[in-house]
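Peer 1: Oh and the sequence shown: position 249 is 252 in our numbering, straight run, nothing missing. C-beta: ideal position from N, C-alpha, C; glycine also. No experiment lies behind these values; they were computed from the predicted model shown. One structure, pasted below without further comment.
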Amino acid sequence: MSKIVAFEEAGPIGVIRLDNPPVNAINHAVRAGLADAVTLAANRPDIEVLLITSAGNLFSAGADVTEFDRPMQDPTQQMVEDRLERARVPVVAAIHGMALGGGLELAMACHYRVAERNARLGLPEITLGIIPGAGGTQRLPRLIGARAAFDMILSGAPISARDAQLLGLVDEVVEGNLPEGAFQFCRRLIEDGLGPRPTSERTVQTHGFDEAGIAEALRAQSRALKGRTTQTFLLKAIEAARLPFSEGVAVESQLAQQSLATPESQALRHVFFAERECGKVKGITQPTESREIKRVAIIGAGTMGSGIAIAFADAAREVILIDNAEAALARGRGAIQTIYASAIKRGRVTQEMADERMSRIKGSLALADAADADLVIEAVFEDMDLKKQVLSTVDSILPPERLIASNTSTLSVTELGRSTAHPDRVSGLHFFAPAQVTKLLEIVRGAGTSPEALATALKVAKLLKKIPVVAADAFGFIGNRMMLDGYFREAELLLLEGASPMQVDMALEAFGFAMGPQRVSDLSGIDVGTKARIQLFQRESRPDPYFVIADHLTELGRLGQKTGRGFYRYETGGREALPDPEVTKLIEALSAERAIRRREISDQEIVERCILALINVGAMVLDEAIAARASDIDVVWTSGYGFPRHLGGPMFYADALGLGRVAERIRHYHEKLGYYWRPAPFIERLAAERSSFTQWDHRG
Ligand code: 3H9
Numbered sequence: 004m005s006k007i008v009a010f011e012e013a014g015p016i017g018v019i020r021l022d023n024p025p026v027n028a029i030n031h032a033v034r035a036g037l038a039d040a041v042t043l044a045a046n047r048p049d050i051e052v053l054l055i056t057s058a059g060n061l062f063s064a065g066a067d068v069t070e071f072d073r074p075m076q077d078p079t080q081q082m083v084e085d086r087l088e089r090a091r092v093p094v095v096a097a098i099h100g101m102a103l104g105g106g107l108e109l110a111m112a113c114h115y116r117v118a119e120r121n122a123r124l125g126l127p128e129i130t131l132g133i134i135p136g137a138g139g140t141q142r143l144p145r146l147i148g149a150r151a152a153f154d155m156i157l158s159g160a161p162i163s164a165r166d167a168q169l170l171g172l173v174d175e176v177v178e179g180n181l182p183e184g185a186f187q188f189c190r191r192l193i194e195d196g197l198g199p200r201p202t203s204e205r206t207v208q209t210h211g212f213d214e215a216g217i218a219e220a221l222r223a224q225s226r227a228l229k230g231r232t233t234q235t236f237l238l239k240a241i242e243a244a245r246l247p248f249s250e251g252v253a254v255e256s257q258l259a260q261q262s263l264a265t266p267e268s269q270a271l272r273h274v275f276f277a278e279r280e281c282g283k284v285k286g287i288t289q290p291t292e293s294r295e296i297k298r299v300a301i302i303g304a305g306t307m308g309s310g311i312a313i314a315f316a317d318a319a320r321e322v323i324l325i326d327n328a329e330a331a332l333a334r335g336r337g338a339i340q341t342i343y344a345s346a347i348k349r350g351r352v353t354q355e356m357a358d359e360r361m362s363r364i365k366g367s368l369a370l371a372d373a374a375d376a377d378l379v380i381e382a383v384f385e386d387m388d389l390k391k392q393v394l395s396t397v398d399s400i401l402p403p404e405r406l407i408a409s410n411t412s413t414l415s416v417t418e419l420g421r422s423t424a425h426p427d428r429v430s431g432l433h434f435f436a437p438a439q440v441t442k443l444l445e446i447v448r449g450a451g452t453s454p455e456a457l458a459t460a461l462k463v464a465k466l467l468k469k470i471p472v473v474a475a476d477a478f479g480f481i482g483n484r485m486m487l488d489g490y491f492r493e494a495e496l497l498l499l500e501g502a503s504p505m506q507v508d509m510a511l512e513a514f515g516f517a518m519g520p521q522r523v524s525d526l527s528g529i530d531v532g533t534k535a536r537i538q539l540f541q542r543e544s545r546p547d548p549y550f551v552i553a554d555h556l557t558e559l560g561r562l563g564q565k566t567g568r569g570f571y572r573y574e575t576g577g578r579e580a581l582p583d584p585e586v587t588k589l590i591e592a593l594s595a596e597r598a599i600r601r602r603e604i605s606d607q608e609i610v611e612r613c614i615l616a617l618i619n620v621g622a623m624v625l626d627e628a629i630a631a632r633a634s635d636i637d638v639v640w641t642s643g644y645g646f647p648r649h650l651g652g653p654m655f656y657a658d659a660l661g662l663g664r665v666a667e668r669i670r671h672y673h674e675k676l677g678y679y680w681r682p683a684p685f686i687e688r689l690a691a692e693r694s695s696f697t698q699w700d701h702r703g
């Protein structure tokens, strides 16, 4: 008997216990252990019920994703499930924490399911670009109906134990202690003489799983599924649930294999692991070196400050929001109330929860009130002198072991740190608007930042349920550097060469970006970029044309949606981007000044140039050690900048194109367009070695 699957007898109840930390992933050893345990139980005539439980925080996170690129070794999960279903005694799954993917499929192959009240159950395979492949698409429709099963697998989102019970997926929700409740359930089965109840023998209820129902389900997920293909495999698999079970699982198996082989699945699995890797930093171990964060002071009650305050209040931390003007503080408070009101309206929180969270945020006009915080985050205006002044004052009042962070998006964290007497405790925490929502948190390590401060910053990310990526201190860090020197800059050049803002945006949205570059600029404020460039030019230079259009728009007061005019115009109060002939005239004049010949540009050229420019600067960012891994860059772009996740992020996408071809196209544009297209030597090197960013990441 393997250690990770134990079997013991508790009177007439045979208990099989999975113990494969950290998440009870079902790998070959677990499958083999389960098969052995079932054999053992079959040979014990005294056993009247089998109970499957797990150790640790959750029942199971599903099949071990690290095994997916290898052929599955026997026993397969289907074989194990088949044996469980055919057991002579009833089999019960006791679910705590989470039952996801293969974990839930295993539970569905049991005859009964009991779940702890807080448990969540789901089939999230679609988020990895695959369909459930261990009977999930066949058993779930038999338990809850084809339409509900399609909805649930299509969304990938787990549901609560209560909802699962209402749907018929769970037989009993245990309010108190799960092992006790599960044992009682088993004893009741024995008393009532209830035997095995194979899910595969049930018939499928197909009400609502018709053309209209399917279209409705797909429409509900259309945003998440933009550009995706997994849903077509899923649809076929659920349709096959109408067949006899053995035929249905055979169809599912084939479709699951096909989905696994798609580039989409490879990309999504890459992002899954990249997001877990990026929190690991060489030489930094947690949690020993980090500080406990109970109270946070945030300086600056603007959009960022208020959003950051909400993020901490949501994480049950005490927040003091400080601003030097009563009006600014009132605006911040108003913004926080509006955000919570909308969260209540959308059913994300209850009024009670919102009230409790809001009560954790206190306002203050005195910087001195930051003195008893464990962490102080400055989120004032993006201006070096102002930030230095705030940081040095904070430094003088805060005990030296407490931490200070700057929410700068472009300024030098090293220089900011030097404005204090303790640069070791200063790091950058670059939040992305809306700070209470966006998953990405860029953590900037200044030259003076101590390992302890960095460890604490990583812990802050975990606390806020954000994905941390550590960046070295250089202009724009990882994301904004690639955006400004690569992606957005090229988008502007395309405008000067003849494309319209609408054409550029639509081409990149069709590629998969959530929003095109000009619409993003209008939304976030064109002046934000202009101010960042003023700071940049104090440190570095960039040859013309470099954001000449955006900077002219700022000069004209066309700051984007907030002024009703930017790259586009907006009707009063509206958000729809409308083309503006004035902008066309401005762009034409700027092209003429530079003697740029305007021409028809294809969508394909727009996408190629914007994405290759992004990749090229990404390679420089890696070469300059601003990012530690190519996969960190992919995380930055997929979780913070709307790069399509199913393409894996810019560096993974470059690998998929082949670095030889990428290098060749960059050279081509360098010859045509000059300076900004000088090929990153790193790409040339990897291409010459026929290597890839992924291989480089995995070098020894
Ligand atoms: C499936 O089941 C296919 C079947 O239909 C077909 C079978 C034939 N495998 O996220 P965390 C690792 S597909 C391998 O930081 P949390 C993770 O890499 C699967 N490893 O913890 C990390 O490793 P490390 C469907 C896995 O508490 C560590 O566990 N299931 C797996 O923030 C901790 O993870 C899913 O898609 C896995 N399945 O979140 C669920 N899962 O320490 C995927 C995790 O080395 N998992 N690891 O960096 C999750 O969503 C989250 O991990 C979970 C916990 C919510 C469970």
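Would you give the residue range spanned by the alpha helix (DSSP H) that Ala13 belongs to?
Peer 2: From DSSP, Ala13 is part of no alpha helix (DSSP H) but of the beta strand (DSSP E) over 8 to 13.
Peer 1: Nearest-angstrom Cα distance between Ser695 and Leu689?
Peer 2: 6 Å
Peer 1: What are the partner residues of Ala357, as DSSP defines its beta bridges?
Peer 2: Per DSSP, Ala357 has no beta-bridge partner at all.
Peer 1: Is the separation between the beta-carbon of Gln506 and that of Phe570 shorter than 8 Å?
Peer 2: no
Peer 1: Using 8 Å as the threshold, is the C-beta distance between Ile29 and Asp72 below it?
Peer 2: no
Peer 1: Hey, is Gly104 close to ligand 1, as in C-beta under 7 Å from one of its heavy atoms?
Peer 2: Taking non-hydrogen atoms of ligand 1 into account, the C-beta of Gly104 is found less than 7 Å away from one of them.
Peer 1: For Ala474 and Met387, I'd like the C-alpha separation in whole angstroms.
Peer 2: 19 Å
Peer 1: So, with DSSP's three-state summary, where would you put Lys365?
Peer 2: strand
Peer 1: Among the residues of its own chain, which have a CB less than 7 Å from the CB of Gly87, if the five just before and after it don't count?
Peer 2: The amino acid at residue 87 is misidentified as Gly; the sequence shows Leu. Cβ neighbours of Leu87 beyond the five flanking positions: Val41, Val94, Ala112, Cys113.
Peer 1: Would you say Glu12 touches ligand 1, meaning its beta carbon is less than 7 Å from a heavy atom?
Peer 2: no
Peer 1: Which first and last residues belong to the alpha helix (DSSP H) in which Gly643 is found?
Peer 2: 633 to 643
Peer 1: Under the criterion of a Cβ to heavy atom distance below 7 Å, does Gln80 qualify as lining ligand 1?
Peer 2: yes
Peer 1: According to DSSP, is Tyr343 part of a helix, a strand, or is it coil?
Peer 2: Helix, per DSSP.
Peer 1: Pick from Arg545, Pro548, Gly532: whose alpha carbon is nearest that of Arg561?
Peer 2: Gly532
Peer 1: Please report the straight-line C-alpha distance between Thr56 and Ile241, rounded to a whole angstrom.
Peer 2: 28 Å
Peer 1: With a threshold of 16 other CB atoms inside 10 Å of the CB of Ile162, please say whether the residue is buried or exposed.
Peer 2: With 16 or more other Cβ atoms within 10 Å, it is buried.
Peer 1: Suppose the cutoff is 8 Å on Cβ atoms and the five residues either side in sequence are ignored; what does the same chain contact list for Pro653 look like?
Peer 2: Met485, Ile614, Leu617, Ile618, Gly621, Ile636, Asp637, Trp640, Phe646
Peer 1: Determine the burial state of Gly198: buried for a count of at least 16 other Cβ atoms within 10 Å of its Cβ, exposed for fewer.
Peer 2: Looking at its Cβ environment, which holds fewer than 16 other Cβ atoms inside 10 Å, Gly198 is exposed.
Peer 1: For Met654, name the three-state secondary structure that DSSP assigns.
Peer 2: helix
Peer 1: The alpha helix (DSSP H) with Met518 in it runs from where to where?
Peer 2: Counting along the chain, Met518 falls outside any alpha helix (DSSP H), and DSSP gives it neither H nor E.
Peer 1: Residues bridged to Thr56 by DSSP?
Peer 2: Arg20
Peer 1: Name the residue from Phe62, Phe10, Ala458, Glu495 whose alpha carbon lies nearest to the alpha carbon of Ala38.
Peer 2: Phe10
Peer 1: Under 8 Å, Cβ to Cβ, is there at least one residue of chain D near Arg670?
Peer 2: No chain D appears in this structure, which consists of one protein chain only.
Peer 1: Could you spell out the range, first to last residue, of the alpha helix (DSSP H) harbouring Ala316?
Peer 2: 306 to 317
Peer 1: The alpha helix (DSSP H) that contains His671, what's its start and end?
Peer 2: 662 to 676
Peer 1: To the nearest angstrom, report how far apart Ser225 and Lys442 are at their CA atoms.
Peer 2: One alpha carbon belongs to Ser225, the other to Lys442, and they sit about 21 Å apart.
Peer 1: Per DSSP, what kind of secondary structure is Gln171 in: helix, strand or coil?
Peer 2: Looking at the sequence itself, residue 171 is Gly, so the reference to Gln does not match. Reduced to three states, the DSSP call for Gly171 is coil.
Peer 1: Per DSSP, what kind of secondary structure is Met75 in: helix, strand or coil?
Peer 2: coil
Peer 1: Starting from Tyr115, follow its DSSP beta bridges and name the residues at the other end.
Peer 2: Val95
Peer 1: For Ser249, write down the residues that DSSP places opposite it in a beta bridge.
Peer 2: For Ser249, which the question treats as bridged, DSSP gives no partner whatsoever.
Peer 1: Indicate, with yes or no, if ligand 1 has a heavy atom lying under 7 Å from the CB of Phe478.
Peer 2: no
Peer 1: Here's a check: name, in chain order, each residue in its chain whose Cβ is nearer than 7 Å to the Cβ of Phe480, leaving out the five neighbours to either side.
Peer 2: His433, Glu445, Val447, Ala474, Ile629
Peer 1: First and last residue of the alpha helix (DSSP H) that includes Pro546?
Peer 2: From DSSP, Pro546 is part of no alpha helix (DSSP H); its letter is neither H nor E.
Peer 1: Could you check what DSSP says for Tyr63 in three-state terms: helix, strand or coil?
Peer 2: Before going further, note that residue 63 is Ser rather than Tyr in the sequence given. In this structure, Ser63 counts as strand in the three-state DSSP scheme.
Peer 1: State buried or exposed for Asn27, treating a residue as buried only when at least 16 other CB atoms are found within 10 Å of its CB.
Peer 2: buried
Peer 1: When the Cβ atoms of the segment 376 to 385 are set against those of the segment 336 to 345, are three or more pairs found closer than 8 Å?
Peer 2: no
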